[in-house]
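Below: one structure, written as structure tokens.
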Amino acid sequence: MKTDEIRETFLRFFEERGHTRLPSDSLVPANDPTLLFTGAGMNQFKDEFQGKGRARAGLQRACTSQKCFRADDLDKVGLTSAHHTFFEMLGNFSFGDYFKREAIEWAWELLVDGYGFDPEELAVSVYEHDEESLAIWRDGVGVAEARIYRFGEHDNYWPADAPSTAPAGTLCGPCTEIFRDYGPQVGCGRPECDPSCECDRYVEVWNLVLQQFRKQADGTLEPLPTQNIDTGAGLERLAAVLQGVATDFETDIFAPIVAQVVGMTGRQPEPGTRDRVRVCRIADHIRAAVLCIGDGVLPGNKRREYVVRRILRRAVRDGHELGLDEPFLFKLVPTVVETMKGGYPELVERRENFARIVKAEEEGFLSTLSRGSAILAERIEQVQGRGAKTLGGEAAAELWDTYGFPFEMTDEICQEHGLSVERAAFDAAMEQRQAGSKGGEQFGQVFDTSALARVKDVAEPTTFTGYEHDEGEATVLAIVAGDELVDEAPEGAEVTLALDRTPFYGESGGQVGDHGLLETGDARVEVTDTRRADDYVHHHGRVVRGTVRRGDVVRAAIDADRRAAIRRNHTATHLLHWALRKVLGEHVEQAGSLVAPDRFRFDFTHFAPLSRQELDRVEELVNERVLENAAVAVELTTPEAAKAQGAMALFGEKYGDEVRMVSVGDFSRELCGGTHAERTGDIGLFKIVSETGIAAGVRRIEAVTGRGAYQRVTDQEAQLARLAEVLKTPRERVVERAEELVAEAKQLARDLEKAKRRSFAGAGGGGPFEEKARVGDTPVIAGVLEGAGAKDLRIACDQLRARHASAAIVLGAAAGGKSASLLCALSKDLVARGLHAGDVVRNAARLIGGGGGGRPDLAQAGGKQPDGLAAAVDAAVAELAARLSDTQA
Ligand SMILES: [Zn+2]
Ligand SMILES: [Zn+2]
4 MKTDEIRETF LRFFEERGHT RLPSDSLVPA NDPTLLFTGA GMNQFKDEFQ GKGRARAGLQ
64 RACTSQKCFR ADDLDKVGLT SAHHTFFEML GNFSFGDYFK REAIEWAWEL LVDGYGFDPE
124 ELAVSVYEHD EESLAIWRDG VGVAEARIYR FGEHDNYWPA DAPSTAPAGT LCGPCTEIFR
184 DYGPQVGCGR PECDPSCECD RYVEVWNLVL QQFRKQADGT LEPLPTQNID TGAGLERLAA
244 VLQGVATDFE TDIFAPIVAQ VVGMTGRQPE PGTRDRVRVC RIADHIRAAV LCIGDGVLPG
304 NKRREYVVRR ILRRAVRDGH ELGLDEPFLF KLVPTVVETM KGGYPELVER RENFARIVKA
364 EEEGFLSTLS RGSAILAERI EQVQGRGAKT LGGEAAAELW DTYGFPFEMT DEICQEHGLS
424 VERAAFDAAM EQRQAGSKGG EQFGQVFDTS ALARVKDVAE PTTFTGYEHD EGEATVLAIV
484 AGDELVDEAP EGAEVTLALD RTPFYGESGG QVGDHGLLET GDARVEVTDT RRADDYVHHH
544 GRVVRGTVRR GDVVRAAIDA DRRAAIRRNH TATHLLHWAL RKVLGEHVEQ AGSLVAPDRF
604 RFDFTHFAPL SRQELDRVEE LVNERVLENA AVAVELTTPE AAKAQGAMAL FGEKYGDEVR
664 MVSVGDFSRE LCGGTHAERT GDIGLFKIVS ETGIAAGVRR IEAVTGRGAY QRVTDQEAQL
724 ARLAEVLKTP RERVVERAEE LVAEAKQLAR DLEKAKRRSF AGAGGGGPFE EKARVGDTPV
784 IAGVLEGAGA KDLRIACDQL RARHASAAIV LGAAAGGKSA SLLCALSKDL VARGLHAGDV
844 VRNAARLIGG GGGGRPDLAQ AGGKQPDGLA AAVDAAVAEL AARLSDTQA
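In our numbering, the protein residues as written are 4 to 892.
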């Protein structure tokens, strides 16, 4: 059975049994900043399991095939038959509806009747004290008691060991697992082998979690009023079992990727070899990277982005080790999309985009991989030479900073050589490196939700009235102050308020939150930030007058001018998006945005910097639309209807059953929850401020509209006026005048260079140089150039060498009283006599507090003590004279 069929069979089976088939949640967990990636099917149902918050009304049974990513198994990928970074988890869920009997009976029915397992080849395990499940398996399903295993809370409880170790409040329960038993001839062969054994005999195919209790503060387990079912079956593993192959990498979903990698390397590595591990790892990592990029996580240096970069770079290195020195991963992208499109058809459209992003990352890394590998090999040798066992953190930081080696990769390579890397020292070194490069604003920091999370327990979700209204009456439902839920907050307190309804827009979708005032008869709260958490709007600010109480009716009013500026910028992002696709092509996808009152930025996929002409054209197109004064219309519709009308959805965003479609004129349609101008003319003027690259294949445009644009134009006018003043020329001639001045400056520099050469050469042979000594026929010529640099020394030296076929030359130069340089040149015959310019310079340079060296015939040194220059030149002359005498024939 093909993987696509296995997935479909599962979902259809549960659909037929009253489950709502829901799409996979994004790999990026919505509203859960604590989680790096979605790692299980139940993540999207947290509220349903708790029966509160955003729980979908009426949803009691659901089934999904969930995209999952687990970074913690990264080290095992390729080494085992069934560990992956990205995988799919099939699951059926009950929220206070059916319980153990149905969950167990249906699982069995699907495995035996749906997938055709022979009941004789299955075994099950139950929690040792869960008599109920045991009875269902034995008496209801009819599994022989010998095939039912009882295990303790470590193996058969979720979370593992919950009865003894889980904190109070944890929802938990026993689980029961189903295994494919390959029989005693497979695996360890011990008579006592059972499903808890680590050998290959038993392969887990399905885990049913029977959520039944809440852990109490006194350690006891209190039965839940309603019980939940949460099951998970790894799709890749199920496919391997059903397709009768030894590892997941041989299933129909992996085999084509593996085959392509093998084809590219031209070698078929034996199972169990290091090369085979590399091939499997490449297949796993490119698939995971494509799915992550599909959900909007592009390779980068922060959190999730760093994980994607890490796996891509590890795959590049694996390829490199297999002899692939050109970008190759991007060629696997179409194969990945082909194998995954059954479950995720939306990947097909973005295939080229994925490939370009992957290729850009590969090229960037390949260009430094060899050099970095050589440096690392050198460092490892040094460490081993010292007999030490750890590589310094500074070396690892340099490899990351300069050659793009993720720490984990350096660590991995070191491990291969029996070394470890100092993690703490690496972190410290990185922090120091970054301290210099900080300074930009920090948007999107993770908001502390600890006390705020409990607002959900006491308040209903907030109704947002701000699309139509700038102000209105509302009731205070919750007050958070000092990380506590409180009933009132006095003057001076920093507070977060939840209201039943609000015109304040909570930061989301790139649009910043509103500012404004909340007022009762005697109290006033200044709101300086508004955030959204699920369906709740949190107003952050300070009580500036009176006392605000729970239950108070307040007048909520946003700063309408500020909001108007935000509206103009938000509508402008839509126009910009449209114009970029028009000018650059349909591959342009929005990758992120920030809409603030004073400016906005828009991140999008594209693979080269924009030319001046492209930027001009984009700006022109947007301004044409502004002048057209087209109407902005908002419509609530279904995702399908919006898609049919060509509405653009955001990269990696998940939408509900009802979506808000924002149309500008008849040319731009986007799904968007933000606030907008009424007509494009409100934007006034649109000006691009900058265009830069922010990641492989991702560009960023910053722009201004309205007052911001007006201010920018005014500032530039003023600059131009000032420039004309400085250049003492009319404004119309500023460019011409600047060009003239640059040409003059160049000519002057050339003249100066010539003059220096003449003066060093000393017209008529004098100059600052003199013959300080003569040994036999060989002169020792020396001199000091004041106010000259190292480059001038070379020029003077060349001229002296041209005039003396056989000579020893020593030159010194001092620049600005801060630094000095020294040069020694020897003609070939002197080198043949065993003299070495490098030795002479090194010795003499000590007198100017420096060091240096060079070839036998030419060497240079620098130092920070010009006072010692004359002495240094004399010392060099003396040494040369002595060596010349010693070696005289
Ligand atoms: Zn065993
Ligand atoms: Zn928008």
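Don't be surprised by glycine CBs; every beta carbon is placed ideally from N, CA and C.
Check: residue i C-beta below 7 Å from any heavy atom of ligand 2
i	result
H577	yes
V667	no
C675	yes
G512	yes
H22	no
H472	no
H573	yes
Residue i versus residue j - alpha carbon distance
i	j	result
H157	A43	19 Å
Q948	R604	Here the chain comprises residues numbered 4 to 892, so residue 948 is not present and cannot be evaluated.
E476	L579	36 Å
S888	C827	18 Å
E471	G54	32 Å
E366	V319	10 Å
T531	V716	29 Å
G893	L803	Nothing about residue 893 can be reported from this structure: the residues present for the chain run from 4 to 892 only.
R753	I798	14 Å
H541	A456	11 Å
P771	S830	20 Å
V265	T6	22 Å
H86	A358	25 Å
V621	G790	52 Å
E774	T781	10 Å
S440	E415	In this predicted model, S440 has a pLDDT of only 43, less than 50, meaning its place in the structure is not dependable; the value taken from the coordinates is given anyway. Whole-angstrom Cα-Cα distance: 28 Å.
L814	A805	15 Å
G711	R740	31 Å
6 Å CB neighbourhood of residue i in its chain, flanking five on each side removed
i	result
D460	none
G856	G841, R845 and A862
L613	E694
P166	E156
K731	none
R150	A126
A881	none
Expected contact under 8 Å - CB spacing of residue i and residue j to nearest Å
i	j	result
R609	L587	What sits at residue 609 in the sequence shown is His, not Arg. Their Cβ separation, rounded to whole angstroms, is 6 Å, which keeps H609 and L587 in contact under 8 Å.
L39	V310	7 Å
E474	A559	6 Å
V893	T234	Given that the chain is displayed from residue 4 to residue 892, the structure contains no residue 893 and the question cannot be resolved.
L30	C196	So it is not a contact: roughly 37 Å between Cβ atoms.
Own chain, CB closer than 7 Å to residue i, minus 5 neighbours either side, in chain order
i	result
T468	G475, R504, T505 and P506
F16	L113 and G117
H22	R64, A65, C66 and N95
I686	R571, T574, A575, V629, A680, T708 and G709
D321	R281, R284 and I285
K585	L624
P330	K362, E365, E366 and L369
Close Cβ partners of residue i (< 8 Å) along its chain, the five nearest in sequence each way excluded
i	result
N88	One point to set straight first is that residue 88 is Thr, not Asn, in the sequence displayed. Result list for T88: F72, R73, A74, D76, L77, V80, D287, H288, A291 and I314, in chain order.
G795	For the record, residue 795 in the displayed sequence is Asp; it is not Gly. So the qualifying residues of the chain are K759, F763, L788 and A816.
A885	none
F200	Going by the sequence as given, residue 200 is Cys instead of Phe. For C200, where only same-chain residues beyond five positions count, the Cβ hits under 8 Å are G190, C191 and R193.
Quick one, what's near ligand 4 if you take every residue whose CB is closer than 6 Å to any heavy atom, in chain order? Summarising the ligand content, the structure contains ligand 1 and ligand 2 and does not contain ligand 4.
Check whether the region 77-88 touches the region 116-131, counting contact only when three or more Cβ pairs, one atom from each stretch, lie closer than 8 Å. no
Does the pairing of the region 238-253 with the region 202-209 give three or more beta-carbon distances under 8 Å? yes
Taking 8 Å as the threshold, find out whether the region 481-489 comes into contact with the region 516-532 through three or more Cβ pairs. no
Counting pairs of beta carbons, one from the region 185-192 and one from the region 215-230, are three or more of them closer than 8 Å? no
Tell me whether the region 369-384 and the region 407-422 touch, counting them as touching only if at least three CB pairs, one residue from each stretch, are closer than 8 Å. Yes, the region 369-384 is in contact with the region 407-422.
Does the region 733-753 come within contact of the region 386-398, defined as at least 3 CB pairs closer than 8 Å? no
Okay, do the region 247-259 and the region 335-344 touch, 3+ Cβ pairs below 8 Å being the bar? yes
Report yes or no: do three or more beta-carbon pairs, one from the region 545-554 and one from the region 567-575, lie closer than 8 Å? no
Hey, is the region 295-312 in contact with the region 696-703, meaning 3+ C-beta pairs nearer than 8 Å? Yes, since at least three Cβ pairs between the region 295-312 and the region 696-703 fall closer than 8 Å, the two stretches touch.
Three or more beta-carbon pairs under 8 Å between the region 667-684 and the region 341-349, yes or no? no
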